[in-house]
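Read in order, the letters of the sequence shown correspond to residues -25 to -1, 1 to 463 in mature numbering (1 follows the signal peptide of the UniProt record, and there is no 0).
Even for Gly, the Cβ is constructed at its ideal location relative to N, Cα and C.
Note that the coordinates shown come from a computational prediction; the quantities given were computed from them, not determined experimentally.
Below is one structure, written out as structure tokens; the observations come after it.
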Amino acid sequence: MDYFTQTKLSFFFLLLSVFLVELGAVTPPPTNRKPSTASPPNAASSVNFKSPLAGQFVVPPRLPGVPFPIQQSYAGRLNVSVNPRQVSQMFFWLVPADDAGGSKDLTIWVNGDACSGLVGAFQGTGPITMNPGRVPTKNPNSWTRSSNMLYLDIPLNIGFTRGQATQRGSADIGGLVFNFLTAFLKVFPEMNGLNLYMAGHAYSGTYISYAADKIYALQSKLALKLQGILLINAFISTPDYQQHIPIASYVTKNNDAFKFTPAQLKHLQATDNECGFSQYLAQHLTFPPRGVFPQVTKAVDPAHAPDFKEQCMIFMEMFQGSSPDMNLGNIHDKPGMADPNFTKFVYPGRADVQSAFNVDGARRWAPCGDFNKVFPNGDASPPPTLKALPNVINHSKRTVIAHGLLDGTLPVDGMKLAIQSMTWGGKQGFQQSVNSKFVVGGKYGGRYHTERGLTFVEVAQSGSFMPHDQGQAALSIFEYLLGKRPTP
């Protein structure tokens, strides 16, 4: 199948946002506190940083409003621009591993679409869990149990990251991540030689694929050893594969949650039939795949090929037919729980928190920005399944794609279709179906399958944001990525 134009891809992520190299000198963070020259001696941490530069990024172990301390962490902004006439500073929060067991690994977390990495840090992967209206709690499934965690705000002008560099596509963001790591190791040289991993969800699947591909291409210039990536409910292909083609089938199977009326469901299914989507799924979502995927002939607009006819933009029909208070990111959530842009997560917007994170005087903080402004002309980089992601799989020890089955924004069959369209390790797609049991805490948690360095995991009771919905399952999958478990 041919791919949508850049404008079409940008349009569909605007829709999703509705509901859902050497550097110059390191730029010190603005702060009124006297810089520390090393990690405080009483701060529990798996690693101590001795550089005076590191002392400029110290974060108080007891964050404002949090009733307990965590390990010594570090935050602020580093220069990522190679153009001296441009100012581009990427925000980071480094949270060292809980103990020496995770001290040899460094994992970058990137949030999806146009959202701050702090969303993931406080909503499931970090040591502190924050839910709206509740007292912050210790996270029993913190990924710091197994790795040093490095949270980034990307792309530019998201969260606390700011910059003037042009971002034409995800490949450019990959370059910025490489630049950041180069600057990061100047401040934290104790991290040299660690195993590097990358993880994220939603559109960060595209960012991460390109960043990892860039790192592998320049591995000899980076004193970190990239080992693999974890993509959670990620966008790695196109809206046709991951949204339009599978959505009618998904709604039909889950209409106990969607609650379409008989007339609505009949219309959705009729449109699906007219566009040939269910037939396409039946013919091409096979193990092994039958060959290179063709266009969805019935859906293509002859006057604007390879774009779909307007009536075949069927994902929009699902969105319009769903209840306004339905959480499409987790279709089994209680009504009224939808908050796709994490608008209720306002903690980093507090002045005292910004001071703690060494970003005093930051502009007004928002958990998510406007995705359409990230790439005003659409993402100029091709879908990662074409080249970047296969390259990453082929170079990595492990690549893991995990998918929560309750995500209505990216139905699971769309992810499988994207995988089956991709060629890596000398073959196209998985040769066998996804049938091994995924067990979490002694209970059935879904299914998984591994071939040629790629593992796919279906998580039964999770929506889009797995670390929040099913924290124990997400931690288990993460530890598998790190090589600390033989199976997910």
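Q | Endpoints, the beta strand (DSSP E) within which I376 is located | A | Annotation for I376: the continuous beta strand (DSSP E) segment containing it runs 373 to 379.
Q) Enumerated in chain order, which unbroken segments of the alpha helix (DSSP H) with a length of 4 residues or greater are wholly contained in the region 169 to 245? A) For the region 169 to 245, the full-length alpha helix (DSSP H) segments reaching 4 residues or more read 179 to 192, 220 to 228, 230 to 233 along the chain.
Q) For the alpha helix (DSSP H) that Y455 lies in, which residues bound it at each end? A) If you look at Y455, you'll find it in the alpha helix (DSSP H) that goes 446 to 456.
Q.
Just list the residues that DSSP pairs K33 with in beta bridges.
A. It is Val, not Lys, that sits at residue 33 in the sequence shown. In DSSP, V33 forms a bridge with Y49.
Q) Using DSSP with H/G/I as helix, E/B as strand and the rest coil, what is D282? A) Coil.
**Q.** Closer than 8 angstroms to chain C by CB, K459
**A.** Included in the structure is just one protein chain, with no chain C present.
Q: On the DSSP bridge assignment, give the partners of C250 in chain order.
A: The partner list for C250 (beta bridge, DSSP) is empty, contrary to what the question assumes.
**Q.** Euclidean distance between Cα positions of S224 and Y322
**A.** Taking C-alpha positions only, S224 is separated from Y322 by approximately 39 angstroms.
Q: Compute the distance between the beta-carbons of I45 and P36, then report whether it is under 8 angstroms.
A: Yes.
**Q.** C-alpha gap between K362 and I368, whole angstroms
**A.** In a straight line, the C-alpha of K362 is about 10 angstroms away from that of I368.
Q | Distance CB(G428)-CB(T384) smaller than 8 angstroms | A | Taking 8 angstroms as the Cβ cut-off, G428 and T384 do not qualify as a contacting pair.
Q.
Classify F43: buried if its beta carbon has 16 or more other beta carbons within 10 angstroms, exposed otherwise.
A. Around the beta carbon of F43, fewer than 16 other beta carbons lie within 10 angstroms, which makes this residue exposed.
Q. How would you label K309, buried or exposed, when you count the other beta carbons within 10 angstroms and need 16 or more for buried?
A. That one is exposed.
**Q.** Buried or exposed (CB count within 10 angstroms, at least 16 for buried), E292
**A.** Of the other Cβ atoms in all chains shown, 16 or more fall within 10 Å of the Cβ of E292; this residue is therefore buried.
Q. Buried or exposed: where does R52 fall if 16 or more other Cβ atoms within 10 Å of its Cβ makes it buried?
A. When all chains shown are included, R52 counts as buried.
**Q.** Backbone CA spacing between I222 and S437 [nearest angstrom]
**A.** Using only the alpha carbons, I get a separation of about 18 angstroms.
**Q.** Residue nearest to V414 in terms of C-alpha spacing, selected from L392, I394, A435
**A.** From the listed residues L392, I394, A435, the smallest Cα separation to V414 is found for A435.
Q: Check whether the Cβ atoms of P463 and S451 lie closer than 8 angstroms to each other.
A: In this structure, S451 lies closer than 8 angstroms to P463 by Cβ.
Q) Does the Cβ of F453 lie closer than 7 angstroms to at least one heavy atom of the ligand PLP? A) No copy of the ligand PLP occurs in the structure displayed, which carries no ligand at all.
(Q) For K161, report the span of its alpha helix (DSSP H) as first-last. (A) 145 to 162 is the extent of the alpha helix (DSSP H) around K161.
Q: In the DSSP assignment, find the alpha helix (DSSP H) that holds residue 488 and state where it starts and stops.
A: Residue 488 falls outside the range modelled here, since the chain spans only -25 to 463, and no answer is possible.
Q | Outcome for G29 when other beta-carbon atoms lying within 10 angstroms are tallied against a minimum of 16 | A | Here residue 29 turns out to be Ala, not Gly, going by the sequence shown. With 16 or more Cβ atoms within 10 Å of its Cβ, A29 is classed as buried.
Q: Determine the extent of the beta strand (DSSP E) in which D80 is found, giving its start and end residues.
A: From DSSP, the beta strand (DSSP E) with D80 extends over 80 to 85.
Q) Short check: CB of Q244 to CB of T227, under 8 angstroms? A) With contacts defined as CB atoms closer than 8 angstroms, Q244 and T227 qualify as a contacting pair.
Q | Where the alpha helix (DSSP H) containing residue 473 begins and where it ends | A | A question about residue 473 goes unanswered here, because the residues of the chain that appear run from -25 up to 463.
Q. Hey, out of Q98, T141, G76, I211, whose CA is closest to W84's CA?
A. Ranking the options by Cα distance to W84, first place goes to Q98.
Q | 3 or more residues per run - each beta strand (DSSP E) lying fully within the region 382 to 425 | A | Scanning the region 382 to 425 for uninterrupted beta strand (DSSP E) segments of 3 residues or longer gives 411 to 415, listed from N- to C-terminal end.
Q. Helix, strand or coil: how does DSSP classify residue 464 here?
A. There is no way to answer for residue 464, as the model of the chain reaches only from -25 to 463.
Q: Would you kindly check if the distance between the Cβ of S48 and the Cβ of L69 is under 8 angstroms?
A: Yes.
Q: Look up G138 in the DSSP assignment and give the residues it is bridged to.
A: Under DSSP, the beta-bridge partners assigned to G138 are S63.
Q. Cα-Cα, which of D73, S411, D147, S145 is closest to N114?
A. Minimum Cα-Cα distance from N114 among the listed residues D73, S411, D147, S145 corresponds to D73.
Q. Under the DSSP definition of a beta bridge, which residues are partnered with I103?
A. Here I103 is bridged, per DSSP, to K113.
(Q) Spatial neighbours of S356 within its chain, please: C-beta separation below 7 angstroms, excluding the five flanking residues on both sides. (A) Closer than 7 angstroms at the Cβ level, and outside the excluded window around S356, lie G144, S145, A146, Y185.
Q: Pair every Cβ in the region 261 to 271 with every Cβ in the region 395 to 402, then say whether three or more of these pairs are closer than 8 angstroms.
A: A contact is defined here as three or more CB-CB pairs under 8 angstroms, and the region 261 to 271 meets this definition with respect to the region 395 to 402.
Q) Under the rule that 16 or more other beta-carbon atoms within 10 Å means buried, what is V110, buried or exposed? A) It is exposed - the Cβ of V110 has fewer than 16 other Cβ atoms within 10 Å.
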